Structures are given as structure tokens and as C-alpha cells.
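Position one of the sequence shown corresponds to residue 0 (numbering that gives the first Met the number 0), numbered consecutively onward.
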Amino acid sequence: MNSFTIPKTIGLIYCVGRNYADHAKELKNPIPKEPIIFTKSPACIVPFEGKIFLPLNLGRCDYETEIAVQLGTNLYQAAQNQVLQAISYVGIALDLTLRDKQNELKARKHPWDLAKSFVNACPLSRFIKMDDFQELANMTIRLEINGEVRQQGSTKEMLFSIPDLISFISQNIPLRQGDIILTGTPANVGPLNNNDYLVAFLNGQAIAEAEIIRT
Ligand code: ZN
Numbered sequence: 000m001n002s003f004t005i006p007k008t009i010g011l012i013y014c015v016g017r018n019y020a021d022h023a024k025e026l027k028n029p030i031p032k033e034p035i036i037f038t039k040s041p042a043c044i045v046p047f048e049g050k051i052f053l054p055l056n057l058g059r060c061d062y063e064t065e066i067a068v069q070l071g072t073n074l075y076q077a078a079q080n081q082v083l084q085a086i087s088y089v090g091i092a093l094d095l096t097l098r099d100k101q102n103e104l105k106a107r108k109h110p111w112d113l114a115k116s117f118v119n120a121c122p123l124s125r126f127i128k129m130d131d132f133q134e135l136a137n138m139t140i141r142l143e144i145n146g147e148v149r150q151q152g153s154t155k156e157m158l159f160s161i162p163d164l165i166s167f168i169s170q171n172i173p174l175r176q177g178d179i180i181l182t183g184t185p186a187n188v189g190p191l192n193n194n195d196y197l198v199a200f201l202n203g204q205a206i207a208e209a210e211i212i213r214t
């Protein structure tokens, strides 16, 4: 895998809810029968480096550490092998979530956008070029906060594999070159506090770090 910075052309961000059984359980949600898809605005992307500002008046803001992949071609109603050909880059994203706001919106059966697309809601690590697609089947992520492991997971634990997820989205929605897919969070999501220092690891290698500023 070769090093790369944040992609130049970014389309829409697609996300999947509850793609790890242990995370579905911790939020007391049932295990889904088909992927739960929602979007985040690309305007929320911020580099996962330096300082990340999250205004205090947003309320509780949870981290969700996720493998992110970017598409190098358009895809519509694609089979798994076409999906593998289309994935060009991989990195780590934080799908930041205003949990109180999300719960309030869910209770009213409203869409979650307000809880998912606020300012700086999507820190992105540098992206790495995918050379060997076999790697996708056995990729690990880890988040440390202030030197303590908070989240870890492997693509082996996903309910829907990355190619299955993207194939599923493409059956329903035409995907475009540059779109980014966030593939779900493992368990132990939790709130971010002022001065938290985050380090994210992909396959055991630190690829992003940042300090959270909540003022
Ligand atoms: Zn998420």
C-alpha cells in the first residue's frame, strides 16, 4: 500500500449503520437484515490531523472510527468483482455523531442528517492506494484516546463485507467516482472532550492523529 493524502475529488459520503454486531448491541438496536444506509455531506470533511474544532454548543459528540474507501469509477448495479475493481483508496474516517440529537430525531422518526452533517463531522486520515484487494477482507482499525485503546475492529467482524455493502448501495443508488463509503463502527463509541488526543491505526500502523478542541 502506498501513501497518499486526502483525495482531490470528493463526491458524496455514504455511511452504514450497525455493520458490527457488537455496536448494534451497545446501542440496543436489532441486528439489521440489510444494510442501513445514510449520507454525510462532503462539506463536513476535515483533515484528521492537528486540531479539530467541535463547538461545545453542539452538545454530546461521539466518535465512531470507521474504515473509509473511495471509488475510482462510477458504479451502478455492480457485482462484487466490479466493486473490487472500483475501490481505489482506503483510509480511516471518524463518523462524528451528535448522539443526543440523533436519539431525539429517531424518536420523532425524522432523518438523522442534523446529527451527522455538522461542521467538522467527518475527519479523514490520509488515504492509501489499494493495490491488493485481498487486504480488504482482513483489515484492522483501532482508535486510541489519550493513549488508551477505545475502539478496535476487523473487517472480518462486519455483518456486510465492504464489497457487499457497496454492491448493495449501487443496486439502489448510482455511485460516482470520488464517492467515499464509511463502512461502520465497531463497539465502544463514546463522547469527545476538550483536549482529547486521538490516534487512529490501520493494520496496526498509526495513520492519523489529532487533538479535539471543544470550546
Ligand atoms: Zn458510523
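The beta-carbon is built from N, C-alpha and C at its ideal position, and this holds for glycine as well.
Being a predicted model, the structure only gives us computed values, none of them experimental.
Query: Continuous beta strand (DSSP E) stretch holding A77: start and end; Result: It is not in any beta strand (DSSP E) - A77 carries neither H nor E in the DSSP assignment.
Query: Secondary structure of Q150, DSSP reduced to three states; Result: strand
Query: DSSP three-state assignment for L201, whether helix, strand or coil; Result: strand
Query: C-alpha gap between Y19 and N80, whole angstroms; Result: 23 Å
Query: Element boundaries [beta strand (DSSP E), containing D61]; Result: C60 to Y62
Query: Minimum length 3: unbroken beta strand (DSSP E) runs contained in the region 6-51; Result: 12-16, 35-39 and 44-46
Query: Cβ-based burial, Q150 [other Cβ within 10 Å; buried from 16]; Result: buried
Query: 8 Å Cβ cutoff met for V198 and E210; Result: no
Query: Closer than 7 Å: D94 CB and nearest ligand 2 heavy atom; Result: As far as ligands go, the structure on display features ligand 1 and does not contain ligand 2.
Query: Any non-hydrogen atom of ligand 1 closer than 7 Å to T214 Cβ; Result: no
Query: Within 8 Å, strictly: CB atoms of I140 and T64; Result: yes
Query: Same chain, Cβ closer than 6 Å to F167, five either side skipped, listed in chain order; Result: P34
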